Every structure is written in structure tokens, then in C-alpha cells.
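Engineer:
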Amino acid sequence: MSAELLRQVRRAEAQAEKEFDGSAAELAERRRRLRLEVLRQHLASNVDFLRAAHLGGASGQQSVQAYAAFMDGFLGTLYRLAVDDARREGLTATPLVLVALGGYGRGELHPLSDLDLMVIYDGEMGPYVQRATQGLLYALWDLGLQVGHAVRSLPDCLAMARTDFPSRTSMQQARFLVGDRRLFNRFRKVLAENVYQKDFAQFLETTLTERDQRYRKFGGSPYMGEPNVKESAGGLRDIHTAMWLASTKFGTRTLRELLDKRLITAREQKASDEALTFLWRVRNELHFLSGPKTSSPRSPRTSATPPTSCRSGSRSSCATTISTPA
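Quick note: to get the working numbering, add 1285 to the position in the sequence shown (first position is 1).
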């Protein structure tokens, strides 16, 4: 699917260049608009398909996994377009990888939900990394997608995992999407050896403190009349918390892996899976009813000129550290 989408975009861009006698800047803007039109139609048709499947009785698990799989291919196309644009401008390629974080990293993505993404680069941030990252993020913003994003070197990732609880738990669920797989493997190894395997006692204490604060805010009883499906006691965040702890202590990422290690029983896995798919379906229904999150509209971009800064944690529009895991 992603290869076909890429071909459609390339055909649209080639059409834009046919018999065009404007300036180079005008041609670039024309190509950008036609590219976005193809991408927007492709995205909208998939969301419509997921909505129809949900109304037809698709389980929560089927919906979140299908949307995650679709977005994997979609982001793969956007990434390839961004790096091709950077190379076309004469920039020398350097190691770069796009990673899914949080719930998306687990392969669970609710329709109309935020995308939690991280770009990892090797060494110093050079012009290629900056241009490719900006191209990717601009496309996502122009398509109207809500994106939580970070742009980090390996030392940045290590520092954030050691000092920031939400970033640590989000990166703990990281999943390779596209780019330099060797760099991603180094990222996983560095964090496992220097963080996850060393601080379980402290992580457990921090996790339980976070849970207690969440219960005070959203409700600490699973029998609430109007619970927060994600944050209240018995909600999705509780299973996330359990899986963070299991990942740190036992190196597991799924309930199935916990069963294989005989840490839970087959009955416990079945009950948890059934509860999860029910909560996912409820949350999908809420997403379709309420639509995407509302936020202050971003001013339309009238120029292809990117901002000058794209470093993680900066105040620029290009990169900020992710504040909450999905």
C-alpha cells in the first residue's frame, strides 16, 4: 500500500511540472499542494473505512491494530518523501530513524488519536537531519494530524530516560518504523543497559506514585458511574503501567510474552485481552463521536522555508519533547 501511495504522489508531482512556466518557488508550492491533496484523500478514505468497520462491529483490537498498520505505511511514505527532498537539495545523508512511541509503539492506535513519534539521529544534528525532519513534520501538520514529537540524539534519549518519567515510559515502548535500523538497535541497547536494567526499584516507586496521583485526579474506583476510560482506576493506563513494570523487570512487551514466561496464566491473559478490546472499542466510539482534539489552529504555511532550529526540547515549532505517553 505504501509503495502504491508513493507512486500516486510521484505521478501527481510529475503532472504539476508538466507545461509549468512559473518560478521555481511557484513550482515547489504547486508540487507541495498536489502532494498533500493525494495524501489527504488517502488518509480520509482510511478513516472512513475504519469508521464503517467500527459501526459494523469490528472489535477494539481490530480497529487499533488496523489503524496502526495503516499509519506505519503512511508514515513510511512521508519519511521517504522527506528524505528524497533533502537529497534533492544536495544534502548528504546521515543516519536517521523514525520511531513510534507510547501506545503507537505498542501497535495500538485509535482512529483520530495523536501520533507519538521520535526522530533519532547519530552524532550532531546536521542540515540533512534538520531538513528531513522538518519535511516530515510539516506534512503531518498540514494534513491536520495531532503529533507529539521529539528529535533526539542517542545521548539526548539517555538523558531523558534517566530524568523524565513520561519520556522514559514512552521510549520504553519504542518501535522501529523506517530509517536506519542499526541506529534503532543501538538506541534500544543503550537504554536497556544504562537505564532499564539498573533502576527497577526507583522506577517502581515512581510508577506507583504516578498511579496514586492519577487516581486522585481521575478516580480510584473501577465502579465509577462516569469513569475516564484511559486514566481512572481499571482503565487503560493501569494495564499500561503493569506492562511498563513487566518490561523493565522481565523484558516482556506483551501479555503473550508474560504467559510464555509463565508469569501469568492463560486464563489471566484471556481475561485481560477481553477487557482491553472492550475498553479499546469504547474509546474508539468516543473518538468517532467527538472527532479529533480541538486546538488553536496553526497559521497556514505560506513558504516552504523551515525554521532554523529543530533540536529536541527547543521552543521552535519543529521539535519538542513528548510530554505524555499515549
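For glycine and all other residues, C-beta sits at the position ideal for the given N, C-alpha and C. Since the model is a prediction, treat every value here as computed from it, not as a measurement.
For Asp1399, does the three-state DSSP call read helix, strand or coil?
Structural biologist: Correct three-state label for Asp1399: coil.
Engineer: List, from N- to C-terminal side, the alpha helix (DSSP H) runs of 4 residues or more that fit wholly inside the segment 1434-1521.
Structural biologist: With a minimum length of 4 residues, the continuous alpha helix (DSSP H) runs that stay inside the segment 1434-1521 are 1439-1448, 1450-1457, 1466-1476, 1485-1503.
Engineer: What did DSSP end up calling Ile1524 once you bin it into helix, strand or coil?
Structural biologist: In the structure shown, Ile1524 sits in a helix (DSSP, three-state: H, G or I).
Engineer: Tell me which residues share the same chain as Leu1468 and place their Cβ nearer than 7 Å to its Cβ, disregarding the 5 neighbours each side in the sequence.
Structural biologist: Excluding sequence neighbours, Leu1468 sits near Pro1380, Val1382, Ile1405, Asp1407.
Engineer: Would you kindly report the start and end of the unbroken alpha helix (DSSP H) that includes Ala1367?
Structural biologist: Start and end: 1345-1373.
Engineer: Could you check where the alpha helix (DSSP H) with Ala1288 kicks off and where it finishes?
Structural biologist: Segment 1287-1302, the alpha helix (DSSP H) holding Ala1288.
Engineer: In chain order, what residues of the same chain lie with their CB nearer than 8 Å to the CB of Ser1581, ignoring the 5 residues before and after it?
Structural biologist: In this predicted model, Ser1581 has a pLDDT of only 36, less than 50, meaning its place in the structure is not dependable; the value taken from the coordinates is given anyway. Contacts found: none.
Engineer: Pick helix, strand or coil for Ala1385, following the three-state DSSP scheme.
Structural biologist: If DSSP states are grouped into helix, strand and coil, Ala1385 belongs with the strands.
Engineer: What residue range does the alpha helix (DSSP H) around Ala1417 cover?
Structural biologist: First-last of the alpha helix (DSSP H) with Ala1417: 1412-1427.
Engineer: In the DSSP assignment, the alpha helix (DSSP H) including Phe1334 goes from what residue to what residue?
Structural biologist: That run of the alpha helix (DSSP H) goes 1309-1340.
Engineer: Roughly how many whole angstroms lie between the Cα atoms of Ala1589 and Arg1373?
Structural biologist: Note that Ala1589 has pLDDT 35, beneath the 50 cutoff, so the model's placement of it is unreliable and the number below is only indicative. Their Cα atoms are separated by approximately 14 Å.
Engineer: Do the CB positions of Tyr1500 and Ala1527 come within less than 8 Å of each other?
Structural biologist: No, the pair does not count as a contact, with Cβ atoms beyond the cut-off.
Engineer: Give me the residue from Leu1376, Arg1336, Gln1346 with the minimum Cα distance to Met1410.
Structural biologist: With distances taken between Cα atoms, Met1410 lies closest to Leu1376.
Engineer: Considering only the beta carbon of each residue, do Ala1297 and Leu1319 sit closer than 8 Å?
Structural biologist: Closer than 8 Å, so yes.
Engineer: Please determine whether the Cβ atom of Trp1529 lies at a distance below 7 Å from any heavy atom of the ligand ZN.
Structural biologist: For the ligand ZN, the structure offers nothing, since it holds no ligand at all.
Engineer: Alpha carbon to alpha carbon, what distance is there between Gln1347 and Ala1551?
Structural biologist: Near 21 Å, if we compare the C-alpha coordinates of Gln1347 and Ala1551.
Engineer: Would you mind working out which of Val1436, Gly1464, Phe1461 sits nearest Ser1452, comparing C-alpha positions?
Structural biologist: Residue Val1436 is the option with its Cα nearest to Ser1452.
Engineer: Verify whether the separation of the beta carbon atoms of Val1463 and Tyr1364 is less than 8 Å.
Structural biologist: Yes.
Engineer: Have a look at His1525, Phe1461, Thr1491 and flag the residue whose alpha-carbon is nearest the alpha-carbon of Ala1446.
Structural biologist: The candidate whose alpha carbon is nearest that of Ala1446 is Thr1491.
Engineer: Just the C-alpha distance for Leu1312 and Asp1523, rounded to the nearest angstrom, thanks.
Structural biologist: Roughly 51 Å between the two C-alpha positions.
Engineer: Per DSSP, what are the beta-bridge partners of Ile1549 in this structure?
Structural biologist: Paired residues: none, contrary to the question.
Engineer: Closest by CA to Leu1324, which one among Gly1342, Leu1291, Gln1300?
Structural biologist: The residue with the shortest Cα to Cα distance from Leu1324 is Leu1291.
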